[in-house]
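Its first residue numbered 21, the sequence shown is counted upward by one per residue in the working numbering.
We treat Cβ as the ideally placed atom computed from N, Cα and C, and that holds for glycine.
None of the values given here were measured: they were computed from a predicted structure.
Worksheet for the structure shown next.
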Amino acid sequence: MADCHHCGTTILFGGRAIDGARYCGTACAARHPLLARAELVPEHVLQKHVDIWHRSACPRCNRPGPIDVYRHHRVHSFVLLTRWHTRQSVCCRRCGRRSQIASALYSAALGWWGLPWGLVVTPVQVGRNLVAAFRAASAAPSEPLRRLVRLQLAQQTLAPPRPE
Ligand SMILES: [Zn+2]
Ligand SMILES: [Zn+2]
């Protein structure tokens with residue numbers, strides 16, 4: 021199962037692939053020039069900013085870092101309707117874990133009640149949260165954090181000068 025290269029949404033069906041990057045839909049694929057631009061950020065510039073982000077205090081709980089990108093996955097169902105999504109937040113591991121465990125419980129309680137997707141997607145989302153929550157912490161900034169900082173830097177260089 022792939023995640024959208026731009027927004028992180030899980031792609032179950034369809035989606036679009038550009039240059040090996042997969043997108044959930046047209047809106048996200050349209051962001052591709054930005055992603056292309058992001059690839060041009062020089063490694064030493066990227067590394068410097070990634071380190072600054074990584075060492076920052078957690079924006080949620082204000083405890084000292086490191087902070088990183090943590091994804092959590094939810095699903096809820098109502099009879100024939102099943103909806104699922106993946107969200108990511110930049111926070112400390114403690115806060116990241118808390119969202120992952122909360123999302124596992126949320127999905128386990130609310131995901132099942134739809135046919136057929138509730139039964140299919142719920143174990144997947146619960147599993148993804150639990151795997152992420154109990155994975156060993158890594159000391160180095162993750163690839164998703166590097167990608168996020170890259171995009172941020174590319175966006176700054178693309179942004180038109182503000183009119184005074
Ligand atoms: Zn997307
Ligand atoms: Zn925190």
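Does at least one heavy atom of ligand 2 sit under 6 Å from the Cβ of residue i?
i, result
"residue 24", "no"
"residue 114", "yes"
"residue 81", "yes"
Compare the C-alpha of residue i against each of the options and name the closest.
i, options, result
"residue 71", "173, 167 and 161", "161"
"residue 40", "61, 55, 150 and 78", "55"
"residue 86", "44, 24 and 111", "111"
"residue 126", "135, 147, 136 and 109", "147"
"residue 29", "173, 145, 158 and 58", "145"
"residue 155", "120, 171 and 132", "120"
"residue 175", "38, 104 and 53", "53"
Could you check whether the Cβ of residue i sits closer than 6 Å to any heavy atom belonging to ligand 1?
i, result
"residue 78", "no"
"residue 30", "no"
"residue 111", "no"
What do you get for residue i, buried or exposed, if any count of 16 or more other CB atoms within 10 angstroms of its CB means buried?
i, result
"residue 64", "exposed"
"residue 169", "buried"
"residue 166", "buried"
"residue 81", "exposed"
Less than 8 Å between the CB atoms is what I'm expecting for residue i and residue j, so what's the real figure, rounded?
i, j, result
"residue 106", "residue 93", "5 Å"
"residue 114", "residue 152", "Not really, about 14 Å apart at Cβ, beyond 8 Å."
"residue 36", "residue 22", "So it is not a contact: roughly 11 Å between Cβ atoms."
Between which two residues does the alpha helix (DSSP H) holding residue i run?
i, result
"residue 109", "Segment 101 to 112 is the beta strand (DSSP E) holding residue 109; no alpha helix (DSSP H) there."
"residue 154", "137 to 154"
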